[in-house]
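Structure record follows, encoded as structure tokens.
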Amino acid sequence: MSPLSNLEEFEGCVGLGQGSVLPTQLQRLRLGSYNNSSVVLPAQLQQLRLRQCSSIAGITALQQLQELSLGVRFEDQGQLLRLAQLPSLQRLVLSYCGTDQAAATAPAWQQLRQLQELSVRVIPNTQQADGVMCGILACSQLAKLDLRIGVILTRRLAMYRCIAG
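Here UniProt numbering is used: the first residue of the sequence shown is 1, the next is one more, and so on.
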């Protein structure tokens with residue numbers, strides 16, 4: 001029997017180094033960061049949580065993935081939209097601490113039918129605030145919204161409520 005042959009869940013506070021090998025039977029994986037496409041993620045992963053994710057390379061190959069939680073650290077909408085192609089994905093959670101990332105990817109949120117939770121913790125400028133709010137308002141599928149943003153956007157919320165409501 002090989003070491004860790006029964007391991008189904010792994011949680012690490014740091015990312016994986018290049019050439020890291022994960023047990024193939026893992027079903028649940030939680031990591032502090034993921035930015036290394038050379039790390040092969042186990043094909044049967046069902047739950048994946050990455051607190052800091054700068055690339056989804058490797059994630060789109062996870063055909064059995066049911067739940068995905070990402071701390072988004074990229075500005076490419078295309079990366080997010082590729083997640084919609086995961087056939088088993090039922091629940092998607094996105095969190096943002098970077099203003100540029102939230103504003104750049106907000107237009108893609110409405111196209112992610114699996115997006116159930118969104119956390120935005122940023123201090124945007126006025127133009128970015130408009131983009132973030134438009135992205136949020138277009139997400140009719142959201143079940144949970146954690147909106148902790150700067151004063152500029154907080155004042156705009158009242159205006160958007162009047163327009164949307």
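All C-beta atoms, glycine included, are put in the ideal place defined by N, C-alpha and C.
query, result
"Assigned secondary structure, GLY32 (DSSP; H/G/I helix, E/B strand, else coil)", "strand"
"Run of the alpha helix (DSSP H) containing GLY78, from where it starts to where it stops", "77-83"
"Where GLY71 falls, given that 16 or more other Cβ within 10 Å makes a residue buried", "buried"
"Classification of LEU145 by the beta-carbon crowding that lies within 10 angstroms, buried from 16 upward", "exposed"
"Neighbour-count burial assignment, ALA61, 16 or more Cβ in a 10 Å radius", "exposed"
"Any 3 or more C-beta pairs closer than 8 Å across the segment 42-51 and the segment 22-29", "yes"
"Anticipated Cβ contact below 8 Å, ALA108 with LEU80, distance rounded", "4 Å"
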